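Following: one structure in structure tokens, then a few remarks.
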Amino acid sequence: MYIHTLSFTVQLQIRFCCINIFHSDPTSHFVHPIWKITCLTRRFPETYLVIMAAQVHEFSVEMTCEGCSTAVQNVLRKKAGVDDIKIDLPGKKVLVTTALGSDEILEIIKKTGKTCQFLETH
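According to UniProt numbering, the sequence shown is numbered sequentially starting from 1.
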């Protein structure tokens with residue numbers, strides 16, 4: 001049994017038709033996401049699809065300057081699946097829009113050496 005995880009928000013970057021041909025031109029063979037899921041499940045009936053919607057995770061991060069916030073932004077940008085990053089330097093807060101779990105994002109932020117803590121998911 002294979003489990004595939006599809007993560008997407010409202011806008012998909014890769015578009016493909018139901019015959020599984022990938023296109024760089026977004027207008028060519030475009031299929032609505034709901035139809036993609038239907039096509040995939042019909043094509044691979046033994047496959048379970050788990051769709052994870054993007055969430056906003058809020059973290060408290062010990063940042064004192066622009067260099068600190070840039071370091072946090074840079075490490076998060078490298079991670080596939082991170083859709084958006086908002087940093088409130090005076091409030092020492094980081095908001096990350098992603099389909100990834102808060103624990104995974106927390107570990108990524110810790111790589112900067114900053115003290116950080118998960119606050120909540122919006």
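By construction, the Cβ of each residue, glycine as well, lies at the ideal position given by its N, Cα and C atoms. All of these numbers come straight from a predicted model, not from anything done at the bench.
Residue closest to residue i, alpha-carbon to alpha-carbon, out of the options
i             : options                       : result
leucine 89    : Val75, Asp83, Gly67, Gln117   : Gly67
methionine 63 : Glu107, Thr121, Lys93, Phe118 : Lys93
lysine 114    : Val72, Glu58, His57           : Val72
leucine 106   : Cys65, Leu76, Ala53, Ala54    : Leu76
cysteine 65   : Lys78, Lys79, Gly91           : Gly91
alanine 80    : Leu119, Thr112, Glu104        : Glu104
Contact check, residue i vs residue j, beta carbons under 8 angstroms
i              : j            : result
aspartate 83   : threonine 70 : no
isoleucine 109 : valine 61    : yes
lysine 86      : leucine 100  : no
Endpoints, beta strand (DSSP E) assigned at residue i
i             : result
lysine 93     : 93-98
leucine 89    : No beta strand (DSSP E) holds leucine 89; DSSP gives it neither H nor E.
threonine 121 : 116-121
Exposure label - residue i; buried when at least 16 CB within 10 Å
i             : result
threonine 121 : exposed
cysteine 116  : buried
threonine 27  : Low local confidence applies: a pLDDT of 49 at threonine 27 is under 50, so the model's placement there is unreliable, with the coordinate-based value given in what follows. Result: exposed.
Extent of the continuous alpha helix (DSSP H) to which residue i belongs
i           : result
cysteine 68 : 66-77
leucine 106 : 102-110
Residues that residue i bridges to, as DSSP identifies them
i            : result
glutamate 58 : Leu95, Glu120
aspartate 84 : Thr97
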